[in-house]
Structure formats: structure tokens, C-alpha cells
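Trainee:
Chains as they are written, first to last, in our numbering: chain A, 69 to 366; chain B, 2 to 468.
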């Protein structure tokens, strides 16, 4: 009976040939990048939103169903999605998106990683062996990632390869100009000391030149403790931070507490596409990030 | 020191790259130079600090190549696109993890612990401090076509093979094949290991269905197919040895047990997701033995030969605000089972009602049962660290037709019940401590107030958990 059922379902499945290339993006920034490059040649599913902690996603049934139909998985890698993506990819029964196949793309492989730990020990918190995975916040990284993604899209979908190349070129041109604008706008942020909730802004700091002087989490992935927070407030006397940063998905309690005690602004940054109403696409993401930080400085 | 010149060179290289990047805008660069002078001083100070830290690390662990990355090359430095280091999932090939689990139990002393009204499997009467089996998990890709995993349960003086299977990764078309020893995909909780449970012990129905282990494990093959639909729709079929309760090992060729199941699931908005399932399991027994009591209260040995059909329905619903479960989430799960034994029961036992003259006689007769049960539980995580949960269990002994042996053996009509409350604290994803209270009425005439303090710790590779 099950055989009959499977035959019927298989037959039904083969009928609707999907026109656009199906892209499964783990996080909004790669979904947005795939749209910039692929345009109407791709149909993008984004597995998470900016309000969700990408470290803590459940391997939901809907994700399995989407991964089953995907032609390309675009992930950050560097262990960011280790809690759910390996399971989703494995149980999807989709041979094309298995690691090592062209249908599995990890952005972190194309950039220089920061904060690569010399020693791997969980006593230091939930550290990532290949470095800090929040690579999207240095916009310069998107050149290499975008170039590699365009090449990969072309490899999977050869007839449209020139379109992906053209899509990338158009994006890269606009992006180059936007980066110069952001760098100019963000000059006052150079050397500014800030506190962060989690090490989410390492690449942003590397790009804009502000300094991270402390994290609210005592160790990566461990929730802020009152001891850690009061320690940071005490340190404000000697080396005052100018603002405290958090992402849209992190709870606001700890940074608001610090902000009040230390008399500095708590600044919520979109972190990825969709994190704030203004961060509707990749350009909006950095426009809003720079504006919010500049506002925090005033 | 040697590191300083190296850092300077790296900085120089970095600054060249930065200039290259902003070449198009010379005016902006002039404006930046003063700013940069200041920041370079700060950067140098920071780098010196990092170098000092790296040296300290290097002293602490000479083997560690801490000084290998004194300065990070600038992103804009021209050069070919080079793949970064492989992710740790493949760096740790195979992935290894170890689960440590143990508890303190305060409960009534009931030497012959069973569930009244159900096949009398002997259950633990464990009190005080104890540790569970320590689970060692080793897994990874075998080659581009297969992956494998083994879970060893280490106990005093013995190592059990909890699971040991290979799984396909290259068939495609939604098809997954698994072979070896595995936890069957029937029901919802069946595939989960005890460290994944939301309570310190399994629901009563799992113990009634599958004995003290509370899971149906199988040596066999599993075939799964995921439909290419936007709705999650999965079918599974299994065939295997069927050596575990409610089946028994049998000395014969062919299949001892088979199972069929289907799962359906989806999201409702961004905050809700659910999965529902229906399963069927067929097992066969050849002289499945257990100690019954005869009508005089004396022990008698009964053995069942026949087939058992088990049907299961399961439902799970998870909620998290904005779909972000880190700080707050709620999980509801419920399962229902219905089981039929059909076959014959042979009763023996010197001096018991089945063999009153101690002549080695036995009494054979029909054995048919029709039994059911369910549980429902809800677990609410109200902060990043704290969770609390409630669970209710109820079984129904239903029809127990012992045929000719009805005159010899005692069977009780009973509805076992248990209510459980728990609260747990997690320091991180890898460590959890739990306090649990249960009022257990799974045995007729006994109300057992059970307290359990439990710890679950895992170290090693970060295992992803199923929904």
C-alpha cells in the first residue's frame, strides 16, 4: 500500500517543474544577497528572521520541507548554524545540498575570519573553532562572498550564469559607492569605545574602527550575569565606553540596565536585513547601522 | 621582541590595503589622515596588548601556535579568493561527544515495581544517588555516500551498543536509508535519548509499550521519504529483528518486526510550528516470559507466543515569540497509543495454580489484550536559563482475556495515573539541573510521591537535536 502511495506522490511531485532556482538561505543577509545577484532567476527562502538568534534555531518541519526542494543552501558556516542546519540538510533527503556538493555554499569560507581561538575549550564559552561567524557586518566581505555566490549560482544553473555575473557586477558597483559613503559618514566612530551584548559586532568594529571594550556576556553564549554587569559599570570610571550595542534579537534588559547605570545610550542595531524597519535590504542594513551608531554618539 | 617588527610590517601592509580601497576618493583620505594617526596609536597599543596576551598563552601552552596570527591581514588586500579553514564539523571528524547523567531519587520502596494491569515487566526500584548510563556518541561522514553514528552506553562492567547505524546522504529524491541498530522512528519521543527528555523519566505509556528502556530499538533497515511539498510530509517504513519488548528474539530467518509511520508538520505564522504523526508497529513473540501471580498470590511463570500490534498518534506544538526560542518558548506534546496482543499464553510454575501437584504441568490458553494510554505535557521556558513543566499520564488496562488461564492467574482492571511537575535550570546549552516531583499511581493501592534531582551534562561536539 505504501508503495502505491509513494508512486502516486512521486508522480505528483514530478509534475510542477519549478522555474526559478530554489535558494535556501539560513539567515536574512544571504537571502538578500542572493536576491541582489539572482534577481528574478532565483526564488529565495530565508530560514530565519532578524529577530531570531541564529545560534538557537529549531530544526522545524517547515525547514526540512524547504530544504528538500532547494537547489542551493546558502549558509554562513563557521559553526553558526551547527545546532540545526546539519540535521536539516541530512534529513532533507536532498543529495544536491549535502556539504561538499555545489548546492551547499558557506559564506565564511570566502572571507578572512576574525577571533579564531588559539585554544578550544568550552570553559571559555560557546566559542567557534573557525572564528567569529558574524561576518556580514563588514560590508567589504560581501564582495568576495557575492563573487563566489555568483560563480556558484552559475555552476548550478549554467544557462543563467551570465545573468548572475551581471547581477553581481551591478551589485558590486553600487556596493563600492555605498561603502565609501558609509565610511565617510562613520568617521566620527573611529576609536570610539563601546560595550556589546555578545561578540556580534567584531567585523563591524574591524571595518569602522570603533573599539569593543567589554561584552555583557561573561563568556560567549552565557547570559549576562549581575556580577559581569556591575564589573562593567565599575570599569566605566577608568575607561568609559560611549554606548552599549545589542542586536535586534537579543533581550534589551542587560544593555538598558548598563545604559542607565553608566549614563550612556543603549543602541539596538539591526544586525541583519529586517532587524529594523529601515533595514529592508543590504543597503538599508548599513545605512541604518551607521545612522543609529552616530545617533548614539551624539 | 621579535613580534613588534612583525606587527609593524603587518600594519603597514594593512594600511596600504586601506588606501587602495579608498583610492577613488583622495580628498576623503586627506581628511582621514589625522584621525588615522590617532587610531593607529590606539591600534598599536591594542595589538601590543594582544601580542602580550598571545605570549602569555604561548607560555601557558607551548604547543599552541598562539603567535601564528599576531595581526589579521586586511580584508581588502588583493589576492585570489581562498577558502578559509574548514568548519569544525569536519575538523572534528569524527564528531565525539559524551553525555553525563545522574540523579538523586527519593521514592517508596517497592521491590516488584511494575505497571498494574499491563504485562509485568520488572522496573527499577532505584533509590538514593545513582548515575545513568554514560553515553559516548561518535559520528561523522563515512564517504560522500554514507554517514554513520554509534552510541555506546557505558555502565558498570558493561558497554552496550545503544545505536550503531549508517545512513545514506547521496540518494536524493527525498529518500533516506538507514541500517544497523537504531531507535525506531515511530511516535515522537521514541527516537529521543533520555538526555533530550523534558522530564527525568519517560511517560508511563512508553514504559508500558516498550518496557524499562522506554524506547523501541531495532536491528534492521529504515526507509524514509520526504515529499517535495511545501508542507512537511514524511513517510517511513522499517523492517528488523524485533528482539525487544513487545517482541522477542526468535531463531528464524526473515523479519521479526515492521513499522510504518507518517509525519505532517508546518509553521503557523512566525511564532508557531507543529508536527503530527501516526505510526504502526507489528512485533512477534516466541515465549515472551514474565512472572505473574496466581489466584493464591504465588508466583507463576507465563509465556506469550503471538503477535502484537501497536498504533501510535503523536502531536507536538512549539511556540516562541517571533520564533526566537532563546529567552522564552513553550512546547506542548501529547501521544496516544493503542495495542493488541493476540496469541497464546502458557502458564507453569511448580506449586502454582497452573501446576498444583508440582508435576511439571502447564496450562495453555488464548491470550488477547486490547489496551491503551496517553500522556500530555507542557514545558515553558520563561527566561534564558529557567524552564518549568507539567505532565499527566494515564493508561487503561482495557481488555485482558487470558482464556483458560483466567482461572489460574490474577489480572487487575486498573487505570494507572501519574502527575509530574518539574523545574530545570541550564547554565548553558551543555549543562542542566532538574528538580522533579511526581505523584505516581501506576500500581494499584500505592501512591508514590517521587522526588528526583537530576543533572545532564554534555561535552564534545555540538549535536543538533530534532524538532
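For every residue, glycine included, the Cβ atom is placed at its ideal position computed from N, Cα and C. In this text, all values refer to a predicted model and were calculated from it rather than measured experimentally.
Specify the secondary structure class of residue 314(B) as computed by DSSP and reduced to three states.
Mentor: Three-state DSSP puts residue 314(B) in a strand.
Trainee: For residue 400(B), does the count of other Cβ atoms within 10 angstroms reach 16, so buried, or fall short, so exposed?
Mentor: Classification for residue 400(B): exposed.
Trainee: Go ahead and label residue 98(A) buried or exposed: buried means 16 or more other beta carbons lie within 10 angstroms of its beta carbon, across all protein chains shown.
Mentor: By the neighbour-count rule (16 or more Cβ atoms within 10 Å), residue 98(A) is buried.
Trainee: Along the chain, where does the beta strand (DSSP E) containing residue 166(A) start, and where does it finish?
Mentor: Run containing residue 166(A): none; DSSP gives neither H nor E here.
Trainee: Which same chain residues, not among the five before or five after residue 264(A), have their C-beta less than 6 Å away from its C-beta?
Mentor: 280, 283 and 313.
Trainee: Report buried or exposed for residue 367(A), applying the criterion of at least 16 other Cβ atoms within 10 angstroms of its Cβ.
Mentor: One cannot answer for residue 367(A) here, as it falls past the ends of chain A, which runs 69 to 366.
Trainee: Rounded to whole angstroms, how far is the Cβ of residue 194(B) from the Cβ of residue 136(B), which I believe are closer than 8 Å?
Mentor: About 7 Å; that satisfies the 8 Å criterion.
Trainee: Within 8 Å of any Cβ in chain B, is that where the Cβ of residue 159(A) sits?
Mentor: By this cut-off, residue 159(A) is an interface position.
Trainee: Jot down the residue ranges of each uninterrupted alpha helix (DSSP H) in the region 292-347 of chain A, minimum 4 residues, whole runs only, in chain order.
Mentor: Here the runs fully enclosed are 294-303 and 321-330.
Trainee: Output the distance between the C-alpha atoms of residue 350(A) and residue 170(B), rounded to the nearest integer angstrom.
Mentor: Distance between the alpha carbons of residue 350(A) and residue 170(B): 34 Å.
Trainee: Kindly indicate which three-state DSSP category residue 150(A) falls into: helix, strand or coil?
Mentor: It is coil, neither helix nor strand.
Trainee: Determine the direct distance from the alpha carbon of residue 213(B) to that of residue 87(B), and round the result to whole angstroms.
Mentor: With a pLDDT of only 46 at residue 87(B), under the threshold of 50, the placement of this residue in the model should not be trusted, and no figure is reported.
Trainee: Do we get a CB-CB distance below 8 Å when we pair residue 150(A) with the residues of chain B?
Mentor: Output row for residue 150(A): interface = yes.
Trainee: Out of curiosity, what's the CA-to-CA distance linking residue 359(B) and residue 348(B)?
Mentor: Rounded to the nearest angstrom, the two C-alpha atoms are 13 Å apart.
Trainee: Beta carbons nearer than 8 Å to chain B: which residues of the region 332-351 of chain A have them?
Mentor: Going along the region 332-351 of chain A in chain order, one finds no residue with a Cβ nearer than 8 Å to chain B.
Trainee: Please confirm if the region 110-126 of chain A is in contact with the region 297-311 of chain B, defined as three or more CB-CB distances below 8 Å between the two stretches.
Mentor: Short answer: they don't touch.
Trainee: Identify which residue in 88(A), 316(A) and 209(A) has its Cα closest to the Cα of residue 240(A).
Mentor: Ranking 88(A), 316(A) and 209(A) by Cα distance to residue 240(A) puts 209(A) first.
Trainee: For residue 264(B), which beta-bridge partners are listed by DSSP?
Mentor: According to DSSP, which records beta bridges pairwise, residue 264(B) is partnered with 235(B) and 278(B).
Trainee: Pick from 394(B), 404(B) and 451(B): whose alpha carbon is nearest that of residue 110(B)?
Mentor: The shortest C-alpha separation from residue 110(B) is found at 451(B).
Trainee: Residue 372(B) and residue 392(B) look like a contact to me (Cβ under 8 Å); what is the Cβ gap, rounded to whole Å?
Mentor: Contact flag wrong, Cβ pair sits at about 20 Å.
Trainee: Under the assumption that residue 217(B) contacts residue 185(B) (Cβ atoms under 8 Å), give the Cβ distance between them as a whole number of angstroms.
Mentor: At roughly 5 Å, the Cβ-Cβ gap stays under 8 Å, so residue 217(B) and residue 185(B) are in contact.
Trainee: For the region 207-261 of chain A, list the beta strand (DSSP E) runs that are entirely contained and at least 3 residues long, ordered along the chain.
Mentor: DSSP runs (the beta strand (DSSP E)) wholly in the region 207-261 of chain A: none.
Trainee: Pick helix, strand or coil for residue 329(B), following the three-state DSSP scheme.
Mentor: The answer is coil: DSSP assigns residue 329(B) none of H, G, I, E or B.
Trainee: So residue 147(B) is in the beta strand (DSSP E); what residue range does that whole segment cover?
Mentor: Run containing residue 147(B): 147-156, per the beta strand (DSSP E) assignment.
Trainee: Indicate whether at least one CB of chain A lies closer than 8 Å to the CB of residue 386(B).
Mentor: Taking Cβ atoms only, chain A reaches closer than 8 Å to residue 386(B), which makes this a yes.
Trainee: For residue 130(A), would you say it is in contact with chain B, using Cβ-to-Cβ distances shorter than 8 Å as the test?
Mentor: So yes, residue 130(A) belongs to the interface.
Trainee: Report the start-end ranges of each beta strand (DSSP E) in the region 154-207 of chain B that is 3 residues or longer and not cut off at the edges.
Mentor: Listed in chain order, the complete beta strand (DSSP E) runs (minimum 3 residues) inside the region 154-207 of chain B are 159-169 and 176-184.
Trainee: Could you tell me which whole beta strand (DSSP E) segments of length 3 or greater appear in the region 340-424 of chain B?
Mentor: DSSP runs (the beta strand (DSSP E)) wholly in the region 340-424 of chain B: 364-382 and 387-402.
Trainee: Got a sec? Which residues, its chain only, sit under 7 Å from residue 206(B) by beta carbon, not counting five neighbours each side?
Mentor: Once the five neighbours on either side are set aside, the close Cβ partners of residue 206(B) are 336, 338, 374, 375, 376, 394 and 396.
Trainee: Could you have a look at residue 190(A) and say whether DSSP puts it in helix, strand or coil?
Mentor: Helix at residue 190(A).
Trainee: Per DSSP, which one or two residues make a beta bridge with residue 131(B)?
Mentor: Its beta-bridge partners are 104(B).
Trainee: Since residue 127(A) contacts residue 155(A) with CB under 8 Å, what's their CB separation in whole angstroms?
Mentor: Correct: roughly 5 Å between the Cβ atoms.
Trainee: Would a check of beta-carbon distances place residue 226(B) closer than 8 Å to chain A?
Mentor: Yes, its Cβ sits closer than 8 Å to a Cβ of chain A.
Trainee: Suppose contacts are defined by Cβ-Cβ distances below 8 Å. Is residue 182(B) in contact with residue 198(B) by that definition?
Mentor: Cβ atoms of residue 182(B) and residue 198(B): not closer than 8 Å.
Trainee: Could you spell out the range, first to last residue, of the alpha helix (DSSP H) harbouring residue 130(A)?
Mentor: Here the alpha helix (DSSP H) through residue 130(A) covers 129-136.
Trainee: At the level of alpha carbons, what is the spacing between residue 321(A) and residue 262(B)?
Mentor: Using only the alpha carbons, I get a separation of about 45 Å.
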